[in-house]
Amino acid sequence: MSQVKVISYEDLKKVTGKVPIFDVRSPEEVSNGKIPSTVNIPVDEIEQALKMDPESFKKKYTVNKPKPEDNIIVHCQMGRRGARAAEIAMAQGYAKVQNYAGGYKEWSDKGGK
């Protein structure tokens with residue numbers, strides 16, 4: 001399996017709102033704060049989510065399902081679940097997946113600016 005690519009805080013800021021960003025934390029964690037324009041797909045759901053047909057995905061997650069050739073970013077609180085989610089997505093044929101390893105913790109520590 002390929003190595004999971006990591007995206008930095010600075011690079012994430014540049015693509016927020018332009019590239020699908022999946023927050024793979026639990027809904028409870030997300031309710032305490034999130035990176036703008038992210039979509040919550042808990043790590044335990046990511047494999048099934050990426051197997052869904054586009055219509056079902058949009059209905060459940062309110063965004064278009066990314067295509068395997070699209071850039072995707074995943075993140076969690078501090079990086080571990082994000083890396084796992086990236087590996088799962090890559091195994092599903094999504095080649096352009098990056099993990100924001102700093103996670104929501106780094107984002108909030110830096111003020112999200």
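Note that UniProt numbering gives residue 96 to position 96 of the sequence shown, counting from 1, and the numbers run on in steps of one. Virtual Cβ for every residue (Gly too), placed ideally from N, Cα, C.
query                                                                                                                                                 : result
Since K34 contacts D23 with CB under 8 Å, what's their CB separation in whole angstroms?                                                              : 6 Å
Do the CB positions of V74 and A89 come within less than 8 Å of each other?                                                                           : yes
Exposed or buried, which one is R25 when buried takes at least 16 other CB atoms within 10 Å?                                                         : buried
List, from N- to C-terminal side, the alpha helix (DSSP H) runs of 4 residues or more that fit wholly inside the UniProt domain "Rhodanese" (15-112). : 27-30, 46-51, 54-61, 80-91 and 103-109
Using the rule of at least 16 other Cβ atoms within 10 Å of the residue's Cβ for burial, across every protein chain shown, is A86 buried or exposed?  : buried
Work out the CA separation of E55 and P42 for me, nearest whole Å.                                                                                    : 19 Å
I'd like to confirm the pairing. Which residues does DSSP put opposite V6 in its beta bridges?                                                        : N99
If you drop the 5 nearest sequence neighbours on each side, which residues of the same chain put their C-beta closer than 8 Å to that of M1?          : Bear in mind that the predicted position of M1 carries a pLDDT of just 48, short of 50, making it unreliable; the figure below should be weighed with that in mind. Correct list, in chain order: E87, M90 and A91.
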